[in-house]
């Protein structure tokens, strides 16, 4: 029987599409994350009433919200495979790198989609004016990629342990802290109508690349014990 | 294709904590041969299969998979084997067809609809291949694993209790598939307590 050999990108794509299809059919994560974001923003909005928050506090709120959405949903990518028992089939038939980057891509797209839903709510509920939209979008994309990358690799670590989600948050936070602070700082400047330094943006991009390279190196050891 | 594949275990042992599962396993399985591993529950049959698959590490000893005088590395080893085990769970939120499509893609093998239909037909899942796996009975899930095995065309078959949950018709089907696999020069290792499964074997080892 003739077979055609496919490359690594096809495997990455297959894993991302599989996760997307399962998520679409079950909507485990999306519904929970969206409700979490909606309730959090509505609660803050009702608490502060007509008062406006300082820009740095508003920026921190946005990223804390995105961070906790990631904690609630993105960790599932590996834990769910472990809990449902499908992880052995993935280990036998998939390559570690394809699994890592397929799941990373799924998490990035998931978080970006969620961000697109959260930002309008954020603007409406907290009565925020966004200046420098193109830079704001770049900061959101880089910040989301950082959160997704840190979440994906720590989810892989946690899936091999019994601690599950509690350990996930503890592990992710220190890995993410430098990226997190840069995102908050850049967002706060944008909300104050000040363009963020290019060094902030560059730091975020480089940190993401370093995080992904480090994840790629570590992952095979995790994946195959 | 590596048609002259052989599996060689040299002085393999496995302990979990202070409990010794097995020691001093030495064996060779060549292409077209079948080995049956038998033994009581807890004797380490499934663990030995997982060690051969590279999912577990032996406490001592080595596992070599050799073809054309070349020893496979860990990735090549995984790429040449198919594992059927109660511990292998397929995606409940995908259909049977989608599961086959997904796992063959991971193996970098492109499978078309016609081929998938053929594999499902061979294991008696033709009608149900577009149903979600969560609606399958345990026997149908086991048949789907065999359809996946056919799609993968592995050179080394690792079968852990292959007829579990299957009806009489399913057992006949599996017996036929094992015979066909041996004719096509696959090396097959079966962990079983079923005497009829062990009948396929050229030789047997019994774990205490």
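Protein chains in written order, with this note's numbering: chain A, 1 to 225; chain B, 1001 to 1208. Beta carbons: idealized from backbone N, C-alpha and C, even for Gly. As the structure is a computational prediction, the values presented were derived from the model and not from experiment.
Check                                                                                                                                                                         : Outcome
Would residue 1129 (chain B) count as contacting chain A if we go by Cβ distances under 8 Å?                                                                                  : no
What's the gap between the Cα of residue 48 (chain A) and the Cα of residue 62 (chain A)?                                                                                     : 15 Å
By a C-beta neighbour count over all protein chains shown, 10 Å radius and 16 as the cutoff for buried, is residue 1042 (chain B) buried or exposed?                          : exposed
Kindly say whether residue 1074 (chain B), judged by its beta-carbon, lies nearer than 8 Å to any beta-carbon of chain A.                                                     : yes
With H, G and I counted as helix, E and B as strand and the rest as coil, what does DSSP make of residue 1111 (chain B)?                                                      : coil
The alpha helix (DSSP H) that contains residue 45 (chain A), what's its start and end?                                                                                        : 28 to 48
With a cut-off of 8 Å on the beta carbons, I'd call residue 1178 (chain B) and residue 1036 (chain B) a contact; round off their distance for me.                             : Not really, about 11 Å apart at Cβ, beyond 8 Å.
Tell me the rounded alpha-carbon separation between residue 36 (chain A) and residue 1117 (chain B).                                                                          : 43 Å
Quick check: what's the CA-CA separation for residue 65 (chain A) versus residue 1138 (chain B)?                                                                              : 42 Å
Check whether the Cβ of residue 193 (chain A) lies closer than 8 Å to any Cβ atom in chain B.                                                                                 : no
Is the shortest distance between the beta-carbon of residue 93 (chain A) and the beta-carbons of chain B less than 8 Å?                                                       : yes
Tell me the rounded alpha-carbon separation between residue 211 (chain A) and residue 93 (chain A).                                                                           : 26 Å
Which residue marks the beginning of the alpha helix (DSSP H) containing residue 200 (chain A), and which one marks its end?                                                  : 198 to 223
Determine, using beta carbons only, whether residue 1117 (chain B) comes closer than 8 Å to chain A.                                                                          : no
Determine the contact status of residue 1154 (chain B) and residue 1048 (chain B), defining contact as a CB-CB distance below 8 Å.                                            : no
Are the C-beta atoms of residue 18 (chain A) and some chain B residue less than 8 Å apart?                                                                                    : yes
Take residue 14 (chain A) as the anchor and find which of A:29, A:97, A:208 has the nearest alpha-carbon.                                                                     : A:97
Pick out the complete alpha helix (DSSP H) segments inside the region 1110 to 1140 of chain B, 4 residues or longer, and give them in chain order.                            : 1113 to 1122
When the cut-off is 8 Å and only beta carbons count, does residue 1093 (chain B) lie next to chain A?                                                                         : yes
Can you check whether the C-beta of residue 73 (chain A) is within less than 8 Å of a C-beta belonging to chain B?                                                            : no
Does residue 20 (chain A) come out as helix, strand or coil in the three-state DSSP assignment?                                                                               : helix
Which partner residues does residue 1210 (chain B) have in the DSSP bridge list?                                                                                              : The displayed coordinates of chain B run from 1001 to 1208. Any statement about residue 1210 (chain B) would go beyond what the structure contains.
With contact counted as at least three CB pairs below 8 Å, one residue from each stretch, are the region 153 to 161 of chain A and the region 67 to 84 of chain A in contact? : yes
According to DSSP, simplified to helix, strand and coil, what is residue 1020 (chain B)?                                                                                      : strand
Mapping the DSSP letters down to three states, classify residue 1191 (chain B) as helix, strand or coil.                                                                      : strand
Taking residue 1172 (chain B) as the query, report the chain A residues whose CB atoms sit under 8 Å from its CB, ordered along the chain.                                    : In chain order: nothing, as chain A lies at least about 24 Å away.
When the Cα of residue 220 (chain A) is compared with those of A:17, A:99, A:39, which residue comes out closest?                                                             : A:99
Using a Cβ cut-off of 7 Å, which residues of the region 167 to 184 of chain A contact any Cβ in chain B, in chain order?                                                      : none
Check the Cβ of residue 155 (chain A) against every Cβ in chain B and list those closer than 9 Å, keeping chain order.                                                        : Correct list: empty, because the minimum Cβ distance to chain B is about 18 Å.
Give the straight-line distance between the Cα atoms of residue 73 (chain A) and residue 32 (chain A), rounded to the nearest whole angstrom.                                 : 8 Å
Establish whether the CB of residue 26 (chain A) and some CB of chain B are separated by less than 8 Å.                                                                       : yes
Would residue 1014 (chain B) pass as a contact of residue 1058 (chain B) if the rule is Cβ separation under 8 Å?                                                              : yes
In three-state DSSP terms, what is residue 52 (chain A)?                                                                                                                      : coil
Over what stretch of residues does the beta strand (DSSP E) that includes residue 96 (chain A) continue unbroken?                                                             : Premise fails: residue 96 (chain A) lies in the alpha helix (DSSP H), 96 to 126, not in any beta strand (DSSP E).
Looking at the unbroken beta strand (DSSP E) that takes in residue 1204 (chain B), where does it start and where does it end?                                                 : 1203 to 1206
When you compare each of B:1157, B:1023, B:1040, B:1148 to residue 1193 (chain B) by their alpha carbons, which one comes out closest?                                        : B:1040
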